[in-house]
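Taken in order, the sequence shown gives residues 394 to 725; the numbers are from the working numbering.
What follows is a short report on a single structure.
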Amino acid sequence: MQPFPVVCSTLSATHLDQFVQQQYQLGTGTTCRLLRAAINHAYLVTDGANKYVFRVYSLNWRSHIEISEELRLLQLLNENGVPVSYALPAPDGSYIQEIPAPEGTRHGVLFSFAKGEKQLSFSEALHYKIGTIMAKMHQLTQNVQLQRVQYNPQVLLIDSFKLLQQYISIETEEMRFMQQVQGFLLQQYAQVDENAIRKGVIHLDIWFDNLNIYNNSEITIFDFDFCGNGWVLHDIAYYMLQVFNTEREEDQYLSRLNSFYKGYESVTPITDEEKQFLAIAGISIHFFYLGVQCQRFENWTNTFLNETYLKRYINLVVKKLYDYHKLPGFKE
394 MQPFPVVCST LSATHLDQFV QQQYQLGTGT TCRLLRAAIN HAYLVTDGAN KYVFRVYSLN
454 WRSHIEISEE LRLLQLLNEN GVPVSYALPA PDGSYIQEIP APEGTRHGVL FSFAKGEKQL
514 SFSEALHYKI GTIMAKMHQL TQNVQLQRVQ YNPQVLLIDS FKLLQQYISI ETEEMRFMQQ
574 VQGFLLQQYA QVDENAIRKG VIHLDIWFDN LNIYNNSEIT IFDFDFCGNG WVLHDIAYYM
634 LQVFNTEREE DQYLSRLNSF YKGYESVTPI TDEEKQFLAI AGISIHFFYL GVQCQRFENW
694 TNTFLNETYL KRYINLVVKK LYDYHKLPGF KE
């Protein structure tokens, strides 16, 4: 009997150890262990004093071209002094490996190791530094185009909402709220003067879980899996909402956010039109990532993604941010 087909497998770290050793000609004492199994799987590879991260992309998540474009972006940033984790080539010059997983051929990439550790809450000085890093990234990639997703209202608000409806009834109070908010947000996007908005390549996932801090001063940003094309203000808005979620006291939230803004604008200004749109963009990003969770249901499992979880997320995260910015209310 043939093995039963699978949707998403977790590759054996022991066998992946041997694969990485052979592909990259690492030492025989190289070790490999699973760091995280989510949409993509990340493994820590240790070869003596050297450390790396090997990412295994989920099947049918990113195409070969999309991954190549991600790596091209990282090379551009690394060559211009932006502190990022970047891809490392195998001896034959290849960057993307093909792995015959049970569900089909998956792609793997070896990345440089980001020194340091994750910190949930950190100083205003570090928020300032992250602002400068993001601004430099936006300067380098302004008007650059990748062969990847275009983050527009269709992707952020319409496609994501359709995915959300597969897991929570449109008749619930939470979804009636989301539907009304969606209409309001789409109206706001339609009224923007795009000539006053900077465009380029965005990360769309810069938060404490995707950056390491070393010696309380050095910052390395990683996991560009969601990079794509769009308004750079979406990166700023995403960071804004992450600080909002991690800082419980309003004065700390505002002081850290203002430090980030000051760092950013020490490199390049944020236009008035962009500042006015940050709250709208932040709520829209919540729509998008709820859609991602629904799209990759088989990665998260029922324990994580169900109607109870989605109701709590809408009430405690989306609605909280919406109310904080005093955006228009709706009738029940």
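Quick reminder that beta carbons are idealized off the backbone N, C-alpha and C, glycines included.
In this text the structure is predicted, and so the values were computed from the model without any measurement.
Is V477 closer than 7 Å to F447 when the C-beta atoms are compared?
no
Buried or exposed: D616, going by 16 or more other Cβ atoms within 10 Å of its Cβ?
buried
Roughly how many whole angstroms lie between the Cα atoms of N651 and D628?
15 Å
Any idea what DSSP makes of F508, helix, strand or coil?
It is worth fixing the name first, because residue 508 is Lys in this sequence and not Phe. It is coil, neither helix nor strand.
Can you give me the C-alpha to C-alpha distance between H500 and Y521, rounded to a whole angstrom?
Going by C-alpha positions, H500 is about 35 Å away from Y521.
The region 513-520 contacting the region 416-427, beta-carbon criterion three pairs below 8 Å
no
Through-space distance from N708 to P482, alpha-carbon basis:
Going from the Cα of P482 to the Cα of N708 covers about 45 Å.
Per the DSSP calculation, K592 is bridged to which residue(s)?
W624
Quick one: is I458 buried, meaning 16 or more other Cβ sit within 10 Å of its Cβ, or exposed?
exposed
Since E496 and P396 are thought to touch, with beta carbons under 8 Å apart, how far apart are those beta carbons, to the nearest angstrom?
So it is not a contact: roughly 11 Å between Cβ atoms.
With DSSP as the reference, identify every bridge partner of Q543, one or two as the case may be.
N622
Can you check which of these residues, Q669, I561, M394, L539, is closest to L720 by C-alpha distance?
The residue with the shortest Cα to Cα distance from L720 is Q669.
Going by DSSP, which residues form a beta bridge with E611?
Beta bridge pairing from DSSP links E611 with Y607.
Taking DSSP as the reference, what is the three-state secondary structure of A480?
Under the three-state reduction of DSSP output, A480 falls in the strand class.
Quick one: Cα of K529 to Cα of Y657, how far?
Each residue's CA atom was taken as its position, placing K529 and Y657 some 8 Å apart.
By Cβ distance, which residues of its chain are closer than 8 Å to Q580, with the 5 residues on each side in sequence left out?
none
With a CB to CB cut of under 6 Å and the five nearest residues on each side skipped, what residues in its chain are close to G623?
Y544, I595
According to DSSP, simplified to helix, strand and coil, what is N443?
strand
Return the Cβ separation of W600 and Q635 in integer angstroms, given the expectation that the two are a contact with Cβ distance under 8 Å.
4 Å
Exposed unless 16 or more other CB atoms sit within 10 angstroms - verdict on F680
buried
From I523 to F653, what distance separates their C-alpha atoms?
7 Å
Determine the contact status of A480 and Y488, defining contact as a CB-CB distance below 7 Å.
yes
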